[in-house]
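Participant:
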Amino acid sequence: MSKEITSREQDYSQWYNDIVLKAGLADYSAVRGCMIIKPYGFALWEKMRDTLDKMFKDTGHVNAYFPLFIPKSFLSKEAAHVEGFAKECAVVTHYRLKNDPDGNGIIVDPDAKLEEELIVRPTSETIIWNTYKTWIQSYRDLPLLINQWANVVRWEMRTRLFLRTTEFLWQEGHTAHATRLEAIDETVRMLNVYADFVENYMAVPVIKGVKSESERFAGAEDTYCIEALMQDGKALQAGTSHFLGQNFAKAFDVKFSDKENKLDYVWATSWGVSTRLIGALVMAHSDDDGLILPPKIAPLQVVIVPIFKGDEQLGVITEVAGKIVQELKDLGISVKYDKSDNVRPGWKFAEYEKQGVPVRIAIGARDISNNVVEVARRDTKAKMTVDINGLSFYIQTLLDEIQLHMYNRAKEYRDDHITKVDSWNEFIHVLDEKAGFVSAHWDGTATTEEKIKELTKATIRCIPLDNEPSAGKCILTGNPSMQRVLFARAY
(Lines of atoms letter the chains of each structure in order from A and count residues from 1; the text may use other names and numbers.)
(Lines give C-alpha, C1' and ligand atoms only; values in the text may rest on other atoms or scores of the structure.)
Protein backbone atom coordinates (compact mmCIF):
# COMPACT_ATOMS: atom_id res chain seq x y z
CA MET A 1 0.00 0.00 0.00
CA SER A 2 2.88 2.39 0.65
CA LYS A 3 3.50 2.51 -3.10
CA GLU A 4 -0.06 3.72 -3.67
CA ILE A 5 -0.58 6.12 -0.77
CA THR A 6 1.93 8.74 0.29
CA SER A 7 2.55 8.67 4.03
CA ARG A 8 1.04 11.36 6.23
CA GLU A 9 4.44 12.25 7.62
CA GLN A 10 5.97 12.69 4.18
CA ASP A 11 3.27 14.87 2.59
CA TYR A 12 -0.08 15.27 4.34
CA SER A 13 -1.74 17.02 1.41
CA GLN A 14 -0.70 14.31 -1.06
CA TRP A 15 -1.68 11.62 1.45
CA TYR A 16 -5.20 13.08 1.53
CA ASN A 17 -5.48 13.26 -2.26
CA ASP A 18 -4.14 9.72 -2.64
CA ILE A 19 -6.76 8.31 -0.27
CA VAL A 20 -9.64 10.13 -1.94
CA LEU A 21 -8.55 8.82 -5.34
CA LYS A 22 -7.32 5.33 -4.43
CA ALA A 23 -10.28 4.53 -2.17
CA GLY A 24 -12.63 5.38 -5.01
CA LEU A 25 -14.36 8.34 -3.38
CA ALA A 26 -13.93 10.91 -6.14
CA ASP A 27 -12.05 11.85 -9.27
CA TYR A 28 -11.06 15.00 -11.10
CA SER A 29 -13.38 16.21 -13.85
CA ALA A 30 -12.95 17.96 -17.19
CA VAL A 31 -14.36 21.11 -15.57
CA ARG A 32 -11.68 22.92 -13.64
CA GLY A 33 -12.40 23.00 -9.92
CA CYS A 34 -15.25 20.50 -10.08
CA MET A 35 -15.14 16.88 -8.98
CA ILE A 36 -16.77 13.61 -9.90
CA ILE A 37 -18.14 11.76 -6.89
CA LYS A 38 -17.63 8.07 -7.63
CA PRO A 39 -20.13 5.35 -6.59
CA TYR A 40 -18.35 4.48 -3.34
CA GLY A 41 -18.03 8.14 -2.40
CA PHE A 42 -21.65 8.76 -3.26
CA ALA A 43 -22.73 5.74 -1.22
CA LEU A 44 -20.94 7.32 1.73
CA TRP A 45 -22.66 10.66 1.08
CA GLU A 46 -26.03 8.86 0.86
CA LYS A 47 -25.49 7.30 4.29
CA MET A 48 -24.66 10.73 5.71
CA ARG A 49 -27.50 12.42 3.86
CA ASP A 50 -30.12 9.86 4.87
CA THR A 51 -29.08 10.01 8.53
CA LEU A 52 -29.19 13.80 8.58
CA ASP A 53 -32.46 13.87 6.66
CA LYS A 54 -34.12 11.74 9.34
CA MET A 55 -32.71 13.98 12.06
CA PHE A 56 -34.14 17.04 10.29
CA LYS A 57 -37.56 15.44 9.89
CA ASP A 58 -37.53 14.29 13.51
CA THR A 59 -37.19 17.96 14.49
CA GLY A 60 -40.17 18.99 12.35
CA HIS A 61 -38.51 20.05 9.10
CA VAL A 62 -39.74 19.18 5.61
CA ASN A 63 -37.89 19.09 2.29
CA ALA A 64 -38.53 21.30 -0.73
CA TYR A 65 -36.57 22.39 -3.78
CA PHE A 66 -35.87 25.86 -5.15
CA PRO A 67 -34.39 26.95 -8.51
CA LEU A 68 -30.72 26.71 -9.36
CA PHE A 69 -30.81 30.18 -10.93
CA ILE A 70 -31.27 33.41 -9.00
CA PRO A 71 -32.07 36.78 -10.65
CA LYS A 72 -29.12 39.10 -10.19
CA SER A 73 -31.33 41.80 -8.68
CA PHE A 74 -32.21 39.51 -5.76
CA LEU A 75 -28.63 39.46 -4.51
CA SER A 76 -28.45 43.24 -4.43
CA LYS A 77 -31.36 43.50 -1.97
CA GLU A 78 -29.28 42.53 1.06
CA ALA A 79 -26.06 44.55 1.06
CA ALA A 80 -23.89 42.36 3.30
CA HIS A 81 -25.05 39.23 1.48
CA VAL A 82 -24.09 40.43 -1.99
CA GLU A 83 -20.77 41.77 -0.71
CA GLY A 84 -19.98 38.39 0.85
CA PHE A 85 -20.69 36.36 -2.27
CA ALA A 86 -20.04 38.74 -5.18
CA LYS A 87 -16.52 37.43 -5.90
CA GLU A 88 -17.68 33.79 -5.97
CA CYS A 89 -20.68 34.03 -8.30
CA ALA A 90 -21.04 32.36 -11.69
CA VAL A 91 -23.24 34.43 -14.01
CA VAL A 92 -25.49 33.29 -16.86
CA THR A 93 -25.78 35.99 -19.53
CA HIS A 94 -27.17 34.11 -22.59
CA TYR A 95 -29.61 31.28 -23.18
CA ARG A 96 -28.64 29.95 -26.63
CA LEU A 97 -25.70 28.80 -28.78
CA LYS A 98 -25.39 28.67 -32.55
CA ASN A 99 -22.98 27.49 -35.20
CA ASP A 100 -20.30 30.03 -36.05
CA PRO A 101 -20.98 31.40 -39.58
CA ASP A 102 -17.21 31.33 -40.14
CA GLY A 103 -17.14 27.58 -39.43
CA ASN A 104 -15.25 27.82 -36.14
CA GLY A 105 -17.55 25.58 -34.12
CA ILE A 106 -20.19 26.85 -31.72
CA ILE A 107 -20.52 30.40 -30.44
CA VAL A 108 -22.84 32.22 -28.05
CA ASP A 109 -25.78 33.68 -29.95
CA PRO A 110 -25.52 37.46 -29.36
CA ASP A 111 -29.28 37.76 -29.96
CA ALA A 112 -29.99 35.47 -27.01
CA LYS A 113 -28.88 37.80 -24.24
CA LEU A 114 -30.96 37.57 -21.09
CA GLU A 115 -32.86 40.68 -20.06
CA GLU A 116 -31.67 40.07 -16.51
CA GLU A 117 -28.58 38.01 -15.82
CA LEU A 118 -28.95 34.96 -13.61
CA ILE A 119 -26.65 33.84 -10.80
CA VAL A 120 -25.95 30.14 -10.36
CA ARG A 121 -26.87 29.78 -6.69
CA PRO A 122 -24.01 30.15 -4.23
CA THR A 123 -26.67 29.80 -1.49
CA SER A 124 -30.44 30.22 -1.63
CA GLU A 125 -31.46 32.82 0.96
CA THR A 126 -32.51 35.40 -1.60
CA ILE A 127 -34.71 33.27 -3.84
CA ILE A 128 -36.23 31.47 -0.87
CA TRP A 129 -37.13 34.69 0.95
CA ASN A 130 -38.58 36.11 -2.22
CA THR A 131 -40.82 33.02 -2.25
CA TYR A 132 -41.64 33.20 1.47
CA LYS A 133 -43.20 36.60 0.85
CA THR A 134 -46.12 34.84 -0.86
CA TRP A 135 -46.26 31.97 1.65
CA ILE A 136 -46.34 33.94 4.90
CA GLN A 137 -49.16 36.31 5.87
CA SER A 138 -50.13 35.33 9.40
CA TYR A 139 -48.63 33.92 12.60
CA ARG A 140 -50.57 30.78 11.67
CA ASP A 141 -48.10 30.26 8.80
CA LEU A 142 -45.22 30.16 11.27
CA PRO A 143 -42.86 28.59 12.00
CA LEU A 144 -41.94 27.60 8.47
CA LEU A 145 -39.28 24.88 8.67
CA ILE A 146 -37.89 23.97 5.25
CA ASN A 147 -34.74 22.20 4.10
CA GLN A 148 -33.46 21.49 0.63
CA TRP A 149 -30.82 19.06 -0.66
CA ALA A 150 -29.07 20.69 -3.59
CA ASN A 151 -25.87 21.63 -5.38
CA VAL A 152 -24.34 25.09 -5.23
CA VAL A 153 -21.58 26.89 -7.10
CA ARG A 154 -18.97 29.14 -5.50
CA TRP A 155 -16.19 30.03 -7.93
CA GLU A 156 -12.95 28.85 -6.35
CA MET A 157 -9.44 29.54 -7.63
CA ARG A 158 -7.66 26.97 -5.44
CA THR A 159 -9.57 23.73 -5.06
CA ARG A 160 -9.19 20.40 -3.28
CA LEU A 161 -11.44 17.35 -3.63
CA PHE A 162 -14.37 17.52 -1.17
CA LEU A 163 -12.79 20.27 0.93
CA ARG A 164 -13.13 23.14 -1.53
CA THR A 165 -14.64 22.69 -4.99
CA THR A 166 -16.44 25.07 -7.33
CA GLU A 167 -19.57 22.92 -7.25
CA PHE A 168 -20.52 20.85 -4.22
CA LEU A 169 -23.50 19.07 -2.73
CA TRP A 170 -25.12 20.18 0.50
CA GLN A 171 -28.30 20.78 2.39
CA GLU A 172 -29.52 24.21 3.38
CA GLY A 173 -32.24 24.80 5.92
CA HIS A 174 -34.23 28.03 5.78
CA THR A 175 -36.72 28.74 8.55
CA ALA A 176 -39.08 31.57 9.43
CA HIS A 177 -40.32 32.45 12.92
CA ALA A 178 -42.63 34.84 14.72
CA THR A 179 -40.14 35.97 17.36
CA ARG A 180 -36.44 36.63 17.79
CA LEU A 181 -36.20 34.07 20.58
CA GLU A 182 -37.82 31.32 18.48
CA ALA A 183 -35.32 31.95 15.68
CA ILE A 184 -32.35 31.90 18.04
CA ASP A 185 -33.64 28.66 19.60
CA GLU A 186 -33.89 27.15 16.12
CA THR A 187 -30.35 28.27 15.27
CA VAL A 188 -28.94 26.61 18.38
CA ARG A 189 -31.12 23.52 17.98
CA MET A 190 -29.79 22.86 14.48
CA LEU A 191 -26.23 23.46 15.62
CA ASN A 192 -26.81 20.72 18.20
CA VAL A 193 -28.23 18.42 15.51
CA TYR A 194 -25.03 18.89 13.51
CA ALA A 195 -22.85 18.30 16.56
CA ASP A 196 -24.82 15.14 17.38
CA PHE A 197 -24.36 13.82 13.85
CA VAL A 198 -20.67 14.62 13.52
CA GLU A 199 -19.78 13.24 16.94
CA ASN A 200 -22.07 10.22 17.19
CA TYR A 201 -22.10 9.09 13.55
CA MET A 202 -18.86 10.42 12.09
CA ALA A 203 -16.97 9.85 15.38
CA VAL A 204 -15.38 13.31 15.09
CA PRO A 205 -15.39 15.49 18.23
CA VAL A 206 -16.36 19.12 17.69
CA ILE A 207 -16.29 22.42 19.53
CA LYS A 208 -19.51 24.43 19.38
CA GLY A 209 -19.10 28.16 19.21
CA VAL A 210 -19.96 31.51 17.65
CA LYS A 211 -18.00 33.14 14.87
CA SER A 212 -16.38 36.55 15.25
CA GLU A 213 -18.08 39.40 13.39
CA SER A 214 -15.65 39.25 10.47
CA GLU A 215 -16.14 35.49 10.09
CA ARG A 216 -19.96 35.57 10.12
CA PHE A 217 -22.09 34.43 7.21
CA ALA A 218 -22.83 37.35 4.90
CA GLY A 219 -26.14 38.83 6.04
CA ALA A 220 -26.32 37.09 9.43
CA GLU A 221 -26.51 38.65 12.89
CA ASP A 222 -24.76 35.63 14.38
CA THR A 223 -23.13 32.52 12.95
CA TYR A 224 -22.88 29.45 15.16
CA CYS A 225 -20.45 26.73 14.12
CA ILE A 226 -18.94 23.38 14.93
CA GLU A 227 -15.17 23.16 14.55
CA ALA A 228 -13.22 19.91 14.20
CA LEU A 229 -9.50 19.18 14.25
CA MET A 230 -7.76 17.14 11.58
CA GLN A 231 -4.74 14.88 12.10
CA ASP A 232 -2.32 17.52 10.84
CA GLY A 233 -3.42 19.96 13.53
CA LYS A 234 -5.49 22.15 11.20
CA ALA A 235 -9.10 23.04 11.96
CA LEU A 236 -12.06 22.34 9.70
CA GLN A 237 -15.42 24.08 9.93
CA ALA A 238 -17.82 21.14 9.87
CA GLY A 239 -21.15 22.95 9.92
CA THR A 240 -22.76 26.35 10.43
CA SER A 241 -26.11 27.61 11.68
CA HIS A 242 -26.99 31.27 11.14
CA PHE A 243 -29.33 33.59 13.01
CA LEU A 244 -30.35 35.99 10.27
CA GLY A 245 -32.49 38.30 12.39
CA GLN A 246 -34.97 40.21 10.22
CA ASN A 247 -32.42 41.17 7.57
CA PHE A 248 -33.79 39.04 4.74
CA ALA A 249 -37.41 39.60 5.77
CA LYS A 250 -36.84 43.36 5.49
CA ALA A 251 -34.94 42.99 2.21
CA PHE A 252 -37.83 41.04 0.65
CA ASP A 253 -40.66 42.65 2.64
CA VAL A 254 -41.79 39.46 4.37
CA LYS A 255 -44.30 40.49 7.06
CA PHE A 256 -46.89 38.63 9.10
CA SER A 257 -49.89 39.56 11.23
CA ASP A 258 -49.37 38.55 14.85
CA LYS A 259 -52.10 37.48 17.30
CA GLU A 260 -52.93 41.13 18.00
CA ASN A 261 -53.25 41.69 14.25
CA LYS A 262 -50.13 43.84 14.18
CA LEU A 263 -47.72 43.60 11.25
CA ASP A 264 -44.09 42.65 11.90
CA TYR A 265 -41.16 41.31 9.93
CA VAL A 266 -40.41 37.59 10.17
CA TRP A 267 -37.31 36.28 12.00
CA ALA A 268 -35.05 33.94 10.06
CA THR A 269 -32.40 31.23 10.23
CA SER A 270 -30.37 29.27 7.73
CA TRP A 271 -28.01 26.33 8.30
CA GLY A 272 -26.05 23.85 6.22
CA VAL A 273 -23.48 21.11 5.90
CA SER A 274 -21.92 19.78 2.71
CA THR A 275 -19.85 17.05 1.09
CA ARG A 276 -16.93 18.75 2.88
CA LEU A 277 -17.85 16.35 5.71
CA ILE A 278 -16.42 13.51 3.62
CA GLY A 279 -13.11 15.35 3.58
CA ALA A 280 -13.36 15.68 7.36
CA LEU A 281 -13.87 11.92 7.67
CA VAL A 282 -10.78 11.19 5.61
CA MET A 283 -8.53 13.59 7.49
CA ALA A 284 -9.79 12.86 11.00
CA HIS A 285 -9.50 9.06 10.95
CA SER A 286 -7.52 7.58 8.07
CA ASP A 287 -4.00 6.13 8.05
CA ASP A 288 -1.29 5.32 5.51
CA ASP A 289 -3.19 2.24 4.33
CA GLY A 290 -6.34 4.14 3.40
CA LEU A 291 -9.71 5.08 4.81
CA ILE A 292 -10.94 4.18 8.27
CA LEU A 293 -14.71 4.60 8.35
CA PRO A 294 -16.93 4.69 11.44
CA PRO A 295 -19.40 1.79 11.28
CA LYS A 296 -22.50 3.96 11.62
CA ILE A 297 -21.98 5.60 8.24
CA ALA A 298 -19.79 3.08 6.41
CA PRO A 299 -21.55 2.01 3.19
CA LEU A 300 -20.24 -1.51 3.85
CA GLN A 301 -19.75 -2.52 7.48
CA VAL A 302 -18.53 -6.11 7.08
CA VAL A 303 -16.85 -7.99 4.25
CA ILE A 304 -16.37 -11.75 4.18
CA VAL A 305 -13.46 -13.13 2.16
CA PRO A 306 -13.17 -16.90 1.51
CA ILE A 307 -9.75 -18.55 1.40
CA PHE A 308 -10.03 -21.69 -0.68
CA LYS A 309 -8.47 -24.11 -3.14
CA GLY A 310 -10.86 -25.48 -5.71
CA ASP A 311 -14.60 -25.41 -6.16
CA GLU A 312 -15.29 -28.02 -3.50
CA GLN A 313 -13.78 -25.93 -0.69
CA LEU A 314 -15.47 -22.80 -2.06
CA GLY A 315 -18.83 -24.56 -2.01
CA VAL A 316 -18.48 -25.52 1.66
CA ILE A 317 -17.29 -22.05 2.65
CA THR A 318 -20.06 -20.37 0.65
CA GLU A 319 -22.72 -22.38 2.47
CA VAL A 320 -21.38 -21.29 5.87
CA ALA A 321 -20.84 -17.70 4.70
CA GLY A 322 -24.41 -17.53 3.41
CA LYS A 323 -25.76 -18.24 6.89
CA ILE A 324 -23.46 -15.62 8.42
CA VAL A 325 -24.53 -13.04 5.83
CA GLN A 326 -28.20 -13.64 6.56
CA GLU A 327 -27.70 -13.40 10.32
CA LEU A 328 -25.85 -10.10 9.95
CA LYS A 329 -28.48 -8.69 7.60
CA ASP A 330 -31.18 -9.67 10.09
CA LEU A 331 -29.38 -7.46 12.61
CA GLY A 332 -29.38 -4.55 10.17
CA ILE A 333 -25.66 -4.86 9.37
CA SER A 334 -24.51 -4.23 5.78
CA VAL A 335 -22.34 -7.14 4.62
CA LYS A 336 -20.74 -8.42 1.42
CA TYR A 337 -19.50 -11.92 0.65
CA ASP A 338 -16.70 -11.56 -1.90
CA LYS A 339 -16.14 -14.96 -3.54
CA SER A 340 -14.66 -13.57 -6.75
CA ASP A 341 -11.78 -15.76 -7.97
CA ASN A 342 -9.96 -13.34 -10.26
CA VAL A 343 -7.73 -11.92 -7.51
CA ARG A 344 -5.98 -13.35 -4.47
CA PRO A 345 -7.37 -12.95 -0.93
CA GLY A 346 -4.40 -10.74 0.01
CA TRP A 347 -5.32 -8.29 -2.74
CA LYS A 348 -8.91 -8.20 -1.46
CA PHE A 349 -7.70 -7.58 2.08
CA ALA A 350 -5.69 -4.58 0.91
CA GLU A 351 -8.58 -3.17 -1.16
CA TYR A 352 -11.13 -3.38 1.63
CA GLU A 353 -8.59 -1.94 4.04
CA LYS A 354 -8.05 0.95 1.63
CA GLN A 355 -11.82 1.50 1.46
CA GLY A 356 -12.07 1.59 5.24
CA VAL A 357 -14.51 -1.31 5.72
CA PRO A 358 -14.75 -1.57 9.54
CA VAL A 359 -14.71 -5.38 9.85
CA ARG A 360 -13.24 -8.13 7.69
CA ILE A 361 -14.02 -11.82 8.16
CA ALA A 362 -11.75 -14.44 6.58
CA ILE A 363 -13.01 -18.03 6.27
CA GLY A 364 -10.92 -21.00 5.17
CA ALA A 365 -11.68 -24.72 4.97
CA ARG A 366 -9.62 -25.41 8.09
CA ASP A 367 -11.50 -22.65 9.95
CA ILE A 368 -14.80 -24.34 9.18
CA SER A 369 -13.56 -27.69 10.48
CA ASN A 370 -12.67 -25.90 13.74
CA ASN A 371 -15.95 -23.95 13.69
CA VAL A 372 -14.14 -20.57 13.78
CA VAL A 373 -13.38 -17.58 11.57
CA GLU A 374 -10.75 -14.84 11.61
CA VAL A 375 -12.11 -11.37 12.34
CA ALA A 376 -10.04 -8.24 11.66
CA ARG A 377 -11.00 -4.72 12.68
CA ARG A 378 -9.90 -1.84 10.47
CA ASP A 379 -9.35 0.79 13.16
CA THR A 380 -6.66 -1.07 15.15
CA LYS A 381 -5.86 -3.86 12.64
CA ALA A 382 -6.26 -6.37 15.49
CA LYS A 383 -7.19 -9.91 14.44
CA MET A 384 -9.27 -12.31 16.52
CA THR A 385 -10.27 -15.95 16.15
CA VAL A 386 -13.99 -16.13 16.85
CA ASP A 387 -16.38 -19.07 17.18
CA ILE A 388 -18.94 -19.19 14.38
CA ASN A 389 -21.68 -19.77 16.91
CA GLY A 390 -22.68 -16.33 18.15
CA LEU A 391 -20.54 -14.60 15.52
CA SER A 392 -23.28 -12.21 14.39
CA PHE A 393 -23.82 -10.81 17.89
CA TYR A 394 -20.06 -10.59 18.38
CA ILE A 395 -19.82 -8.51 15.19
CA GLN A 396 -22.69 -6.29 16.31
CA THR A 397 -20.88 -5.54 19.58
CA LEU A 398 -17.56 -5.12 17.79
CA LEU A 399 -19.01 -2.47 15.47
CA ASP A 400 -20.17 -0.49 18.50
CA GLU A 401 -16.69 -0.84 20.03
CA ILE A 402 -15.05 0.41 16.84
CA GLN A 403 -17.39 3.41 16.67
CA LEU A 404 -16.59 4.39 20.26
CA HIS A 405 -12.86 3.75 19.89
CA MET A 406 -12.65 5.95 16.81
CA TYR A 407 -14.38 8.80 18.60
CA ASN A 408 -12.25 8.46 21.73
CA ARG A 409 -9.04 8.33 19.70
CA ALA A 410 -9.98 11.47 17.77
CA LYS A 411 -11.09 13.23 20.95
CA GLU A 412 -7.83 12.39 22.73
CA TYR A 413 -5.89 13.89 19.83
CA ARG A 414 -8.13 16.98 19.77
CA ASP A 415 -7.90 17.52 23.54
CA ASP A 416 -4.12 17.14 23.45
CA HIS A 417 -4.03 19.87 20.81
CA ILE A 418 -5.93 22.60 22.65
CA THR A 419 -3.26 24.84 24.16
CA LYS A 420 -3.69 27.92 26.32
CA VAL A 421 -1.18 30.71 25.71
CA ASP A 422 -0.78 34.17 27.20
CA SER A 423 1.89 35.77 25.02
CA TRP A 424 2.62 36.40 21.37
CA ASN A 425 5.79 34.30 21.45
CA GLU A 426 3.90 31.35 22.96
CA PHE A 427 1.20 31.80 20.33
CA ILE A 428 3.67 31.62 17.44
CA HIS A 429 5.55 28.70 18.98
CA VAL A 430 2.42 26.57 19.44
CA LEU A 431 1.13 27.33 15.93
CA ASP A 432 4.45 26.38 14.34
CA GLU A 433 5.55 23.48 16.53
CA LYS A 434 2.37 21.84 17.82
CA ALA A 435 -0.55 23.24 15.78
CA GLY A 436 -4.13 22.52 16.82
CA PHE A 437 -6.43 24.97 18.60
CA VAL A 438 -4.75 27.81 20.48
CA SER A 439 -6.81 29.33 23.28
CA ALA A 440 -5.80 32.97 23.62
CA HIS A 441 -7.07 36.40 24.58
CA TRP A 442 -8.12 38.80 21.81
CA ASP A 443 -9.14 42.41 22.25
CA GLY A 444 -12.34 41.97 20.21
CA THR A 445 -11.43 44.25 17.30
CA ALA A 446 -11.53 43.29 13.65
CA THR A 447 -8.25 45.16 13.09
CA THR A 448 -6.38 42.94 15.55
CA GLU A 449 -8.06 39.82 14.18
CA GLU A 450 -6.97 40.69 10.64
CA LYS A 451 -3.42 41.50 11.74
CA ILE A 452 -3.06 38.14 13.51
CA LYS A 453 -4.32 36.42 10.37
CA GLU A 454 -1.88 38.37 8.21
CA LEU A 455 1.09 37.53 10.46
CA THR A 456 0.33 33.86 11.15
CA LYS A 457 -2.39 32.63 8.73
CA ALA A 458 -4.34 31.64 11.84
CA THR A 459 -7.97 32.71 12.19
CA ILE A 460 -10.45 32.82 15.04
CA ARG A 461 -12.27 29.54 14.58
CA CYS A 462 -14.88 30.31 17.20
CA ILE A 463 -15.76 31.80 20.52
CA PRO A 464 -16.73 28.58 22.38
CA LEU A 465 -20.29 28.43 23.72
CA ASP A 466 -19.01 27.03 27.01
CA ASN A 467 -16.59 29.93 27.50
CA GLU A 468 -16.27 31.24 31.02
CA PRO A 469 -15.31 34.89 31.68
CA SER A 470 -11.55 35.15 31.92
CA ALA A 471 -9.87 38.53 32.25
CA GLY A 472 -6.59 38.87 30.42
CA LYS A 473 -4.64 40.79 27.81
CA CYS A 474 -4.76 40.42 24.03
CA ILE A 475 -1.78 38.41 22.81
CA LEU A 476 -1.01 40.94 20.07
CA THR A 477 -1.98 44.37 21.40
CA GLY A 478 -1.95 43.87 25.17
CA ASN A 479 -5.36 45.51 25.37
CA PRO A 480 -7.88 44.19 27.92
CA SER A 481 -9.84 41.03 27.05
CA MET A 482 -12.65 39.34 28.98
CA GLN A 483 -12.54 35.91 27.33
CA ARG A 484 -10.41 33.51 25.38
CA VAL A 485 -11.14 32.52 21.79
CA LEU A 486 -9.87 29.60 19.74
CA PHE A 487 -7.38 30.30 16.96
CA ALA A 488 -6.09 27.78 14.43
CA ARG A 489 -4.81 27.45 10.93
CA ALA A 490 -7.63 25.94 8.94
CA TYR A 491 -8.86 24.40 5.72
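In case it helps, numbering that gives the first Met the number 0 puts the sequence shown at residues 0 to 490.
Yeah, the Cβ is synthetic: ideal placement off N, Cα and C, and Gly gets one too.
Could you pull the DSSP bridge partners for residue 221 from this structure?
Facilitator: Looking at the DSSP assignment, residue 221 forms a beta bridge with 242.
Participant: What runs of the alpha helix (DSSP H), each 4 residues or longer, lie entirely inside the stretch 5-61?
Facilitator: Qualifying alpha helix (DSSP H) stretches, in chain order: 11-21, 38-57.
Participant: Under 7 Å Cβ to Cβ from residue 385, same chain only, skipping five residues before and after it: list those, please.
Facilitator: If we look at residue 385 and ignore the five residues flanking it on each side, its Cβ neighbours are 371, 372, 374, 393.
Participant: Going residue by residue through the stretch 101-146, where are the continuous alpha helix (DSSP H) segments of at least 4 residues, counting only ones entirely within it?
Facilitator: Counting whole runs of 4 or more residues, the stretch 101-146 contains the alpha helix (DSSP H) stretches 124-134.
Participant: Checking the sheet assignment: what are the DSSP bridge partners for residue 270?
Facilitator: DSSP lists 172, 240 as partners of residue 270.
Participant: Should the stretch 221-238 be regarded as contacting the stretch 16-27, the criterion being three or more beta carbon pairs within less than 8 Å?
Facilitator: Taking 8 Å as the limit for Cβ pairs, the verdict is that the stretch 16-27 does not touch the stretch 221-238.
Participant: Can you tell me whether DSSP reads residue 286 as helix, strand or coil?
Facilitator: Reduced to three states, the DSSP call for residue 286 is strand.
Participant: Check for me: the alpha helix (DSSP H) holding residue 196 runs from which residue to which?
Facilitator: Start and end: 179-199.
Participant: Is residue 244 closer than 8 Å to residue 270 when the C-beta atoms are compared?
Facilitator: No, the Cβ-Cβ distance between residue 270 and residue 244 is not below 8 Å.
Participant: For my contact list, residue 233 and residue 489 are in at a C-beta cut-off of 8 Å; report their separation, rounded to the angstrom.
Facilitator: That belief holds up - the Cβ atoms of residue 233 and residue 489 are roughly 6 Å apart, short of 8 Å.
Participant: Could you tell me how far apart the beta carbons of residue 115 and residue 70 are, in whole angstroms, since I believe they sit closer than 8 Å?
Facilitator: Contact flag correct, Cβ pair sits at about 5 Å.
Participant: Take every Cβ of the stretch 137-147, pair it with every Cβ of the stretch 249-266, and state whether three or more of those distances are shorter than 8 Å.
Facilitator: With a cut-off of 8 Å, the stretch 249-266 and the stretch 137-147 count as touching, because enough Cβ pairs lie within range.
Participant: To the nearest angstrom, report how far apart residue 275 and residue 32 are at their CA atoms.
Facilitator: Going from the Cα of residue 275 to the Cα of residue 32 covers about 14 Å.
Participant: Whole angstroms is fine: what's the gap from residue 87's alpha carbon to residue 230's?
Facilitator: Straight-line Cα distance between these residues: approximately 29 Å.
Participant: Would residue 483 be called buried (16 or more neighbouring beta carbons within 10 Å of its own) or exposed?
Facilitator: Residue 483 should be labelled buried.
Participant: Within its chain, find whatever has a CB closer than 7 Å to the CB of residue 368; leave out the 5 residues flanking it on each side and keep chain order.
Facilitator: Once the five neighbours on either side are set aside, residue 368 has no close Cβ partner at all.
Participant: Could you check the C-alpha separation between residue 123 and residue 165 for me, to the nearest Å?
Facilitator: Answer to the nearest angstrom: the Cα atoms are 16 Å apart.
Participant: Assuming residue 293 and residue 202 make a contact with CB atoms under 8 Å, what is their CB distance in whole Å?
Facilitator: The Cβ separation is near 4 Å, so the contact holds.
Participant: Check whether the Cβ atoms of residue 295 and residue 402 sit closer than 8 Å, and answer yes or no.
Facilitator: For residue 295 and residue 402, yes; Cβs fall inside 8 Å.
Participant: Output needed for residue 299: all residues of its chain with C-beta closer than 7 Å, excluding positions within five of it in sequence on either side, in chain order.
Facilitator: Correct list, in chain order: 333, 335, 356.
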